[in-house]
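Undergrad: Numbering of the sequence shown is given in the numbering used here, commencing with residue 5 and proceeding in unit increments.
Can you keep this structure in mind? I'll have questions shortly.
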Amino acid sequence: FSSIWKMEDSEPRLQRVMSHRSLATKSKLDEIRGKFKSITQKLQEETETSTTFFESHYEKFTTALQAKKDLHRRDDWFHDMKEQMVVLEKTLKHLENGPAKLEKSKIVAQEEKKEKKKGSVQKLLTRLVFGTLMIFTFLSVVNAGHIYVFALVAFLQILTFRELANVRYKAVKARHVPMFRTIQWCWFYTAMFYVYSEGLGGFFKGKLSSEYAHVMDAFHEFFGFSLYASMFCITVLSFKKGFYKYQMKQLAWTFITIFIIVYQMKFAIENIKTGLFWFLLPSSLVICNDCMAYFCGKALGRKLLDYPFMKLSPNKTWEGFIGAYIFTCIFAFAFPIVLVRYKWLVCSLADLELDPSGAMCTINKVFEPEIYDIPLNLSTWLGLPFSKVKILPIQMHSVLLGMFASLVAPFGGFFASAIKRAYDVKDFDALIPGHGGIMDRMDCQFIMAMCTGVHLTTFIVPKVACHC
């Protein structure tokens, strides 16, 4: 009707150019418009009358109720108010089923769709900016050296434990449990002490006096056990009647969290000591897989396979999972070529302690190029003009790790999604804009570090069996 009202200003011009049939149609439309205005005006008046009627009856009803009189009239007033409300509800229902309401719903839906699209673009930009910032920060720490990487890992472990501990924290019950948070953190630091005192004992030999280094090397297990025994006794003494079940659940959650964060990352400490290459490569594979899953899912999600991928993560798609697998394997094959150019990345911590320049570093054979024969059937099927290829053995190992990062490591993310759904939280924290908390970024890294450590000690630097 807004378009019809605008026609009034150009009435003479329209009459000159419009046909008789069009003029007759417009006159009918003007008549409908007049009736529409009249009905709208009457609806407004009736609404005001109904409001006045309802308020006056309500005032008389409450006054009579307080005075405890006019019982029969009160019933009549109540009936009249209820009947008037029913009439208004029917009128409103008819209006809501009309074309104007449907048109408004369409407009609102379109506006919400635009706002959602705008919000998605804003969220993508935020993720890109802070994701890039995290990658540069990560590379800067790696470039700084082993001790800074150790510190970064420990710092991330502390933040991750804080987020997971907060998931099950209930302030109401925690107030009645003595030293509740203190015991949780003491268990965590006990596990951290045991892992880092064992893993970095050799590193601190050259940093501490020979006396302290000898004590740490000889008694670190004793110190770790003493802390464990002390915490065991303190925990048992903290049990309080009426809260046994709650404390047991919290204790079980604390131990599960310590296993996830501390035990699995113990392999990361050993990987770093073997060479920063073994820390940087698996971390990069997980980052690549995460990014490619996001972009492939956004670009192709539910366009090729309209079948749910994982109920725990409804936003995940088959296209994102498969696309991430392909790109991660390609990245895994190419990235080691870049990393091996920097000798200090493939040198062990022990070698760099003796010679910081890395000139005397012992390079593992997997970093040296070798010539491999391509099977005749394969080269014929692919139409290759050559039957031999020269590559680094580490590239094949990296592809295997890339396959693990694509097929198994994402289940760390699914496990984290299950935790968030179980405790009804969207993200573990809001520390990183667009990404959530540290656990939201580290959920796949834990098992990836463990896989790399196992692969390293099984196929690259096998442990020597004891024949004692």
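Glycine included, each C-beta is placed from N, C-alpha and C at the ideal position.
On a predicted model such as this, the values are computed, not experimentally measured, just so you know.
#1: From what residue to what residue does the alpha helix (DSSP H) around residue 376 run?
#2: Please report how far the alpha carbon of residue 69 lies from the alpha carbon of residue 53, in whole angstroms.
#3: How far does the beta strand (DSSP E) with residue 392 in it extend, from its first residue to its last?
#4: Identify every run of the beta strand (DSSP E) within the segment 63 to 141, keeping only runs that are complete inside it and at least 3 residues long; order them along the chain.
#5: How many Å lie between residue 195 and residue 233 at the Cα?
#6: Whether or not the segment 377 to 396 and the segment 316 to 334 are in contact is what I'm after, with contact meaning three or more pairs of Cβ atoms, one per stretch, closer than 8 Å; do they touch?
#7: Helix or strand or just coil, what does DSSP make of residue 334?
#8: Between residue 451 and the rest of its own chain, which residues show a CB-CB distance below 8 Å, the 5 nearest in sequence each way excluded?
#9: Quick check on the burial criterion: 16 or more other C-beta atoms within 10 angstroms. Buried or exposed for residue 289?
#10: Any idea what DSSP makes of residue 8, helix, strand or coil?
#11: Are residue 164 and residue 446 closer than 7 Å when you measure CB to CB?
#12: Kindly list the residues whose CB is nearer than 6 Å to the CB of residue 348, restricted to its own chain and excluding five residues on each side of it in sequence; keep chain order.
#13: On a CA-only basis, which of 148, 72, 126, 96 is nearest residue 360? Give me that one, please.
#14: So, for residue 161: in the same chain, excluding its five sequence neighbours on each side, which residues have a beta-carbon less than 8 Å away from its beta-carbon?
#15: Out of 453, 43, 443, state which residue places its alpha-carbon closest to the alpha-carbon of residue 168.
#16: Answer yes if the segment 245 to 257 comes into contact with the segment 178 to 193, meaning at least three C-beta pairs across the two stretches below 8 Å, and no otherwise.
#17: With DSSP run on the structure shown, which of helix, strand or coil describes residue 440?
#18: So, is the C-beta of residue 252 closer than 7 Å to a C-beta in chain C?
#19: Sorted by chain position, which residues of the same chain lie with C-beta nearer than 7 Å to residue 281's C-beta, five sequence neighbours on each side aside?
#20: Find the nearest neighbour of residue 86 within the set 109, 306, 57, 138, judged by alpha-carbon distance.
#21: Using a Cβ-Cβ cut-off of 7 Å (strictly less than) and excluding sequence neighbours within five positions of residue 295, which residues of its own chain qualify?
#22: Look up residue 319 in the DSSP assignment and say whether it is helix, strand or coil.
#23: Taking buried to mean at least 16 other C-beta atoms within 10 Å of its own C-beta, is residue 385 buried or exposed?
#24: As an exercise, report each continuous alpha helix (DSSP H) stretch of at least 4 residues that is fully enclosed by the segment 142 to 178, in chain order.
#25: Taking contact to mean at least 3 C-beta pairs separated by less than 8 Å, is the segment 128 to 145 in contact with the segment 434 to 443?
#26: Just the Cα atoms here: how many angstroms apart are residue 373 and residue 144?
#27: Is the separation between the beta-carbon of residue 337 and that of residue 393 shorter than 7 Å?
#28: Looking at the secondary structure, which residues open and close the alpha helix (DSSP H) in which residue 454 lies?
#29: Does the Cβ-Cβ distance between residue 199 and residue 276 come in under 7 Å?
#30: Return the CA-CA distance between residue 458 and residue 271, expressed in angstroms with no decimal places.
#31: In three-state DSSP terms, what is residue 186?
TA: Let's see:
#1: Note, residue 376: premise wrong, no alpha helix (DSSP H); beta strand (DSSP E) at 374 to 377.
#2: 24 Å
#3: 392 to 395
#4: none
#5: 12 Å
#6: no
#7: helix
#8: 268, 412, 413, 415, 416
#9: buried
#10: Confidence at residue 8 is low in this model, with a pLDDT of 39, below 50, so the placement of that residue is unreliable and no value is reported for it.
#11: yes
#12: 362
#13: 148
#14: 196, 265, 266, 269
#15: 443
#16: yes
#17: strand
#18: This model lacks chain C altogether, as it is built from one protein chain only.
#19: 343, 349, 350
#20: 57
#21: none
#22: coil
#23: exposed
#24: 150 to 171, 175 to 178
#25: yes
#26: 28 Å
#27: no
#28: 449 to 459
#29: no
#30: 8 Å
#31: helix
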